[in-house]
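The sequence shown begins at 7 in this note's numbering and counts up one residue at a time.
For each residue, glycine too, the CB sits at the ideal point set by N, CA and C.
Here is the structure we will look at.
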Amino acid sequence: MMKLSRTLVATAIAAGSIISAGAVASVNAAGVAYKDVADMLIAVMVADRSTYTKKVVQRLAAKEKVIKASEHFEDDKALPLPAQMFRFGAEAVADKTDKFTYSLLSLWPINKQNAPRTEIEKAGLKFVAENKGENYYGEETLGGKKYYTAVYADVAVAKVCASCHNGHKDTPKKDFKVGDVMGGVVIRIPMTE
Numbered sequence: 007m008m009k010l011s012r013t014l015v016a017t018a019i020a021a022g023s024i025i026s027a028g029a030v031a032s033v034n035a036a037g038v039a040y041k042d043v044a045d046m047l048i049a050v051m052v053a054d055r056s057t058y059t060k061k062v063v064q065r066l067a068a069k070e071k072v073i074k075a076s077e078h079f080e081d082d083k084a085l086p087l088p089a090q091m092f093r094f095g096a097e098a099v100a101d102k103t104d105k106f107t108y109s110l111l112s113l114w115p116i117n118k119q120n121a122p123r124t125e126i127e128k129a130g131l132k133f134v135a136e137n138k139g140e141n142y143y144g145e146e147t148l149g150g151k152k153y154y155t156a157v158y159a160d161v162a163v164a165k166v167c168a169s170c171h172n173g174h175k176d177t178p179k180k181d182f183k184v185g186d187v188m189g190g191v192v193i194r195i196p197m198t199e
């Protein structure tokens with residue numbers, strides 16, 4: 007499997023405006039298929055998120071018990087949860103570029119704002135939950151603008167992922183285990199015709 011560098015992803019994103027729309031094989035001005043750009047982005051996101059989860063939260067909070075992780079991390083002087091770190095990254099990207107957006111959503115959200123809203127989000131989350139290892143790709147129009155939208159499974163990569171979700175007072179699902187799909191990452195890339 008080819009390893010993807012951040013430079014390659016940044017080059018694909020910064021390539022300029024998108025010039026064609028249509029099928030999954032549509033390409034942007036740099037000649038890179040939307041699907042390939044989305045796949046490169048998710049590779050970096052998954053690597054960063056699972057590294058933070060395993061090397062920081064799992065090790066320091068669960069194994070060595072040096073510091074805890076908490077959704078109220080500022081008040082508790084604790085580590086932010088992996089989902090919070092992911093959201094902070096998504097917000098930082100949204101502040102810096104209009105080339106793409108991403109979010110973490112779930113059919114079983116602890117926080118109701120992380121529930122799917124569009125038909126593609128609903129269909130994509132259902133698909134990745136039912137088809138292990140497969141991704142969902144499509145196009146949608148939101149606010150009069152066309153987007154290439156990709157949905158990737160968000161999998162519990164460590165015991166702390168499953169136990170945190172299972173034990174949360176607001177969780178609608180209490181039986182997650184390592185390796186289970188807990189939700190999905192939705193990546194949107196604007197398309198122009």
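C-beta contact flag for residue i and residue j at 8 Å
| i | j | result |
| --- | --- | --- |
| Val191 | Ile48 | yes |
| Tyr108 | Met51 | yes |
| Ile126 | Gly144 | yes |
| Ala89 | Lys74 | no |
| Lys60 | Ala159 | no |
| Leu113 | Asn120 | no |
Status (buried if at least 16 other CB within 10 Å, exposed otherwise) for residue i
| i | result |
| --- | --- |
| Arg194 | buried |
| Leu148 | exposed |
| Arg123 | exposed |
| His171 | buried |
| Ala67 | buried |
Inter-residue Cα distance where the pair is residue i and residue j
| i | j | result |
| --- | --- | --- |
| Leu87 | Ser76 | 6 Å |
| Asp101 | Gly95 | 10 Å |
| Ala156 | Asn137 | 15 Å |
| Tyr153 | Lys71 | 43 Å |
| Val166 | Asp45 | 26 Å |
| Gly185 | Pro196 | 31 Å |
| Asp104 | Glu80 | 29 Å |
| Leu131 | Ala39 | 22 Å |
| Phe182 | Lys151 | 36 Å |
| Ala168 | Ala162 | 6 Å |
| His174 | Lys180 | 8 Å |
| Val99 | Gly189 | 21 Å |
| Asp176 | Lys118 | 9 Å |
| Val63 | Thr198 | 40 Å |
| Asp228 | Met91 | With the chain represented from 7 up to 199, any question about residue 228 goes unanswered, as that position is not in the structure. |
| Phe106 | Pro178 | 30 Å |
| Gly139 | Phe133 | 10 Å |
| Thr57 | Val43 | 21 Å |
| Glu146 | Lys128 | 12 Å |
Simplified DSSP state of residue i, which is helix, strand or coil
| i | result |
| --- | --- |
| Arg55 | helix |
| Ile195 | strand |
| Gly95 | helix |
| Asp176 | coil |
| Glu136 | helix |
| Val161 | strand |
| Tyr183 | Checking the sequence shown, residue 183 turns out to be Lys, not Tyr. Lys183 falls in the coil class under three-state DSSP. |
Proximity test, residue i beta-carbon vs the ligand NAD heavy atom, cut-off 7 Å
| i | result |
| --- | --- |
| Ala67 | With respect to small molecules bound, the structure shown includes none, and the ligand NAD cannot be examined in it. |
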